[in-house]
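Participant: Just so you know, we're using the numbering used here here: the sequence shown kicks off at 25 and counts up by one.
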Amino acid sequence: MHWLATKSIFVSLPRWRSLALLLHFSARRFNALPSPLKQGDRIRSFKVERVLRGTTNATKKSKESKHLSDEDHSHVMWWKERMQLCKKPSSVQLVKRLIYSNLLGLDVSLKNGSLKEGALNFELLQFKSRFPREVLLCRVGDFYEAIGFDACILVEHAGLNPFGGMRSESIPRAGCPVVNLRQTLDDLTRNGYSVCIVEEVQGPAQARTRKGRFISGHAHPGCPYVFGLVGLNDDIDFPEPMPVVGISHSAKGYCMISIFETMKTYSEEDGLTEEAVVTKLRTSRYHHLFLHTSLRHNSSGTSRWGEFGEGGLLWGECSGKHFEWFDGITVTELLFKVRDLYGLDPEATFRNVTVSSEKRPRPLYLGTATQIGAIPTEGIPSLLKVSLPSNCVGLPVVYVRDLLLNPPSYAIASAIQATCKLMSSVTCSIPEFTCVPAAKLVKLLESMEANHVEFVRIKNVVDEILHMHGNSELSSILQMLLEPTWMATGLKVESEILVNECKLISDQIREMISLDGETDEISSFPNIPGDFFEDMESPWKGHVKRVHAEITFLQLDRAAEALSKAVMEDFLPIVLRVKAVISPLGGPKGEISYAREHEAVWFKGKRFSPSVWSGTPGEEQIKQLIPATDSKGRKVGEEWFTTTKVDDALFRYHEARARAKANVLELLRGLSAALQTKINILVFSSMLLVIAKALFSHVCEGRRRRWVFPALVEFCNSPENESSEEISKMEIIGLSPYWFDAAQGNAIRNTVEMQSLFLLTGPNGGGKSSMLRSICAAALLGICGLMVPAESAVIPHFDSVMLHMKSYDSPADGKSSFQIEMSEIRSLITGATPRSLVLMDEICRGTEMVKGTCIAGSIIETLDRIGCLGIVSTHLHSIFHLPLNARSTVYKAMGTEVVDGQTRPTWKLIDGVCRESLAFETAQKEGIPETIIRRAEELYLSLNGTATHSKKADEQFKHLGADSAVNGFDVADESLKRIVVGQVSSGTETGNPREIQQREVESVVTIICQNKLVELYKQKSISEPAEITCVMIGAREQPPPSTIGASSVYVLFRPDKRLYVGQTDDLAGRVRAHRSKVGMQNVTFLYVTVPGKSVASELETLLINQLPCRGFQIVNKSDGKHRNFGTTNLSLESLTFHQ
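#1: Smallest Cα separation from Gln779: which of Gly295, Pro431, Arg859 and Val732?
#2: Assign Trp103 to one of two classes, buried (16 or more other C-beta atoms within 10 Å of its C-beta) or exposed (fewer than that).
#3: Mind checking whether Ser218 and Pro248 have CB atoms under 9 Å apart?
#4: Below 7 Å CB to CB, which residues in the same chain sit around Thr511 once its five sequence neighbours on both sides are set aside?
#5: Would you check if the distance between the CB atom of Arg296 and the CB atom of Ala243 is smaller than 9 Å?
#6: Taking 7 Å as the limit between beta carbons, can you name the residues of its chain near Ala586, skipping five residues before and five after?
#7: Beta-carbon separation of Leu1201 and Glu473 under 9 Å?
#8: Using beta-carbon positions only, say whether Leu1186 and Ile715 come within less than 9 Å of one another.
#9: Going by beta-carbon coordinates alone, are Glu807 and Pro385 separated by less than 9 Å?
#10: Grab the span of the alpha helix (DSSP H) containing Pro929 for me, first residue to last.
#11: In the DSSP assignment, find the alpha helix (DSSP H) that holds Ile956 and state where it starts and stops.
#12: Evaluate Asn5 with the Cβ neighbour count: other Cβ atoms within 10 Å of its Cβ, from every protein chain shown; 16 or more gives buried, anything less gives exposed.
#13: Could you tell me the distance, in whole angstroms, from the CA atom of Tyr1074 to the CA atom of Ala1059?
#14: Where DSSP assigns a beta bridge to Leu893, which residues make up the other side?
#15: Could you work out which residue in Leu1126, Lys1081 and Glu593 is closest to Thr1108 when comparing CA atoms only?
#16: Since I believe Leu408 is in contact with Gly397 (beta carbons under 8 Å), could you give me their beta-carbon distance rounded to a whole number of angstroms?
#17: Run through DSSP, which three-state label would Ala247 get?
#18: Is it the case that the Cβ atoms of Val923 and Leu887 are separated by a distance below 9 Å?
#19: For Leu365 and Gly855, I'd like the C-alpha separation in whole angstroms.
#20: Go through its chain and collect everything with a Cβ distance to Ile501's Cβ below 8 Å, but skip five positions before and after it.
#21: Output needed for Glu750: all residues of its chain with C-beta closer than 6 Å, excluding positions within five of it in sequence on either side, in chain order.
#22: Mapping the DSSP letters down to three states, classify Asp94 as helix, strand or coil.
#23: What ranges does the beta strand (DSSP E) occupy inside the stretch 527-576, keeping only unbroken runs of at least 3 residues that lie completely in it?
#24: Have a look at Asn687, Phe627, Glu679 and Ala682 and flag the residue whose alpha-carbon is nearest the alpha-carbon of Gly661.
#25: My parser needs the beta strand (DSSP E) runs of 3 or more residues fully inside the stretch 1084-1125; what are they?
#26: Mind the definition here: the stretch 1018-1038 touches the stretch 1122-1133 only if three or more C-beta pairs lie below 8 Å; say whether that holds.
#27: Whole angstroms are fine: how far does the CA of Phe360 sit from the CA of Leu388?
#28: Pull up the distance between the alpha-carbon of Leu522 and that of Pro370, whole angstroms please.
#29: From Gly657 to Asp594, what distance separates their C-alpha atoms?
#30: Given a cut-off of 9 Å, decide if Ile903 and Thr857 are closer than it, judged by their beta-carbon atoms.
#31: Among Gly199, Gly236 and Ala393, which one has its Cα closest to the Cα of Leu804?
#32: Would Ser966 be called buried (16 or more neighbouring beta carbons within 10 Å of its own) or exposed?
#33: Between Pro201, Lys569, Gly629 and Arg570, which lies nearest to Leu596 when the distance is taken from Cα to Cα?
#34: Would you list the one or two residues that DSSP bridges to His1225?
#35: If you drop the 5 nearest sequence neighbours on each side, which residues of the same chain put their C-beta closer than 7 Å to that of Val599?
#36: Quick one, which of Ser798, Ser1071 and Phe577 has its alpha-carbon nearest Gly758's?
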């Protein structure tokens, strides 16, 4: 057979016109693709360079390298460095066959190493010259192949075996099957490589001519290969995009520029500290790192910046990684390098999305971020994890992480807090919040590779925006989310424009794409195996509405019918004849079968010979049988037969199928092109939903943990008001460690009223470090507009929150732990202002005690003079004997108590000084031998005579006890307040049977529950009567945060129109559990909140027993017998139902 039946994107001859259009668009859009190739065209050189002929003379080889330009020579040396990093034995052997005289690394004297014009290697060299530092994969038949340097990388990092084994007479070659391309690309990008993919032009080729090839796309770390996705049913995971990063230095401080090639955006953060830059480098992955020569200018006057003084931390971060130097105007030069790196047009523009850092707190220092778990750190409780539910993953987590690492301005923080407060009080169901990476939207739409799966997801995004706008409770939340979204995207979009554009996008997609329940039927005929049509049509049918491709679909239907008729006329008589005379002892068998590998329907006869069967009924048909052949004309096997008529009908069917599929793909690409003008709206909308989901999730978890919203106070702009009490005061009542769940009652709460610097003492294990971490976390959450682990709080909007904990040495940098500590403290002191919060834990422990105490005292004086809020904790009790000039510093301690003759910590913050370290008790508790403990006590007593002055000094301080009672956290019971009934989606029709059933159930449930509550009130079972109002949770919606911790009775509307009645204290979790079952993904719920679990249990049983009396089918009717509830005298006859 000679029809085109490939698995690639271009499947038939009728698609040549669409192919040319695609290639033209790709070349224009990416600026990385050559102009469209016609049949038999040769690839010409993309840059002027001399292509070297092969030679076996070693002397000539050395001369060849002289013809490399300086630029190409630098690229070859770059590859040479990577070849030297190869460790696998197979890749090491391949490296030995390379020479470094051309961009491919080919030795032209080896087999298949020719670089003559017209050879495949020559063609690949031209592609390589465009992207010299990318791994080149070229489609050759059913494989993607690589040669030279690229083959070595595939063997080393993708786990592939070299072609031809380890024979030394051939050039290095390796590759992967077409079906394994994405896995290979993932392996390469995961190891930091970019990949250039070259595709073959699919179709018949003229004799003795090479197939045309073109660059179909690239895969970069953080940016996957999307070519061909439009024709697939699959989705593709989009990792977090990785920018190109440039760092420079100026009088303002460090500057960090991030450029996203996919988004065509860049941002510039100026005035950063060295620690902030290092934190950003460690918390985000980047594709390439460029360092500006301004970093070399340091106090030492050497080119090794950071050799002395400032810059050492950044140098230590960068020195172990690959980076390149650049000079000139930072943004201009870096954009030039990005255009060159990605092969973009020199005129390609990038949008500046820089958000002004004015009035924004400084980004978190590295030590602060690690010590509260904003950056995952072993042994440190993660603030990020406890701020969100465990089932919240992906983009919302990334948003909260970035928010904590880069706190917003007061205005944005206030907007976030106001939004969270509204979210905490809504009673209607909330959308599912579809989260789509902005980079994915841009990449798929600009490359016109978005398939129907992505369009459905895009429609969900804009529909959820419209849902929020149309809901009275959610519309105000939508309005408040505009400012945080602007900060996250750099895009300013007004509410009215956003809603109008979302309506247009939704309408465009609804008009073109087949949505749920709008699928086209697959062709089906009784004489043809069903799998044949399923495989041929299901991958693309049902993606667009038939009305837009009516002509090609009609042609396909006719071709399928003609094929069925041909099979029935030519094969069916033979099958019937074989069945009539078949021998039960193993006679010949015949059937109409689907040859999946060849995409054909043929007659398959085991031990069947047409010549033997001649002269019998069906003789004419048997005479027409010919051996079946594949697309290259080769005989398939002894059992497969066809006829000329079936062959022709099959060919016409495949042609019609190819035209219909091409039409569908063309329509999908056309929709992508139409939505390209809406990319900014889609980016803004998707980010808004990500933020909404992140904040809703945070509010849900905060309510569950009984956290509260702090009063966020802004510092005055006038210097004379900076020192006022209202501004410089932080008050946190009922503070608990953020990693404890206060809802479970296992946290000891403290009250912190801070107007100046605290000097904190306390025993080992007494909670000093926990106190500092807790205060740091509460302050950071507060200035971000989030809930805090306390009973109430007033938190100033600090310009920086800095936490210094224990330091460790760095042998690689040649620095002791004390050196590291001093470097970190230098950064904290130089960055501290009267508006800062500075927290230091047990400073100056890594050096001689007397001088360490004096340094600690001087640091305290400096912080006191600055006037910042903060805490310095210490075990250096001699510091109290120093003549400190620290008038505002207040002495605080972690309390202790004596129980059964032993001193134990209370973990409560009190006034005064604590000189008891509990060192011996702590050592003994941790397993230090008793003999060592006793000897230590003897040595301590021997020093007692010299410590008389310390005892006298102790008498000058009083331990002021604190109330040991821990106040519980009272949450106002909102369950008895009136709840507004959730609105049903405006897209449903009043005559919909499902909606009618929901209204009937809602009416019955309301009356039954209301009357039961009145009865319970009369019996004094509940304190006050509650008004029942039902709330609907539609498909792709979820319960509001107000249901957390409240008892609810719910009714589940199953797809089979039967009901399930249940009760729970975790409605959101129960909804997720039900929807996780097969076929239940989009079920709807109706629920009411009631006062208490016992009431919920009674109402559950009552509804199970009485709903069937109204004609509703209950699937869990047996649950009504499990409890002695629901036996009320209430009769249905006495109830009036409203239809």
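Just so you know, even glycine gets a beta-carbon here, dropped at the ideal spot from N, CA and C.
Facilitator: Quick look at the numbers:
#1: Arg859
#2: buried
#3: no
#4: Looking at the sequence shown, residue 511 is not Thr but Met. The answer, listed in chain order, is Val379, Pro432 and Ile436.
#5: For clarity, residue 296 is Leu in the given sequence; the question names Arg instead. It is not a contact, given that the beta carbons lie outside the stated cut-off.
#6: Ala673 and Arg676
#7: What the structure shows of the chain is the stretch from 25 to 1163, and residue 1201 is not part of that stretch, so it cannot be assessed.
#8: Residue coverage of the chain in this structure runs from 25 to 1163, which leaves residue 1186 outside it and unanswerable.
#9: The sequence shown places Ile at residue 807, not Glu. Yes. Within cutoff.
#10: No alpha helix (DSSP H) contains Pro929, which is instead part of the beta strand (DSSP E) from Gln926 to Asp935.
#11: Glu954 to Ser966
#12: Outside the displayed span of the chain (25 to 1163) sits residue 5, for which this structure offers no information.
#13: 15 Å
#14: Leu861
#15: Lys1081
#16: 6 Å
#17: Ala is not the amino acid found at residue 247; the sequence shown has Cys there. It is a strand residue.
#18: no
#19: 37 Å
#20: Thr443, Leu446, Met447, Val450, Met492 and Ala716
#21: The pLDDT assigned to Glu750 is 43, lower than 50, so where the model puts this residue is not dependable; a value taken from the coordinates is nonetheless given after this. Counting only Cβ-Cβ distances below 6 Å, and skipping sequence neighbours, we find nothing.
#22: helix
#23: none
#24: Phe627
#25: 1108-1114
#26: yes
#27: 31 Å
#28: 32 Å
#29: 21 Å
#30: no
#31: Ala393
#32: exposed
#33: Gly629
#34: What the structure shows of the chain is the stretch from 25 to 1163, and residue 1225 is not part of that stretch, so it cannot be assessed.
#35: Gly614, Glu615 and Ile616
#36: Ser798
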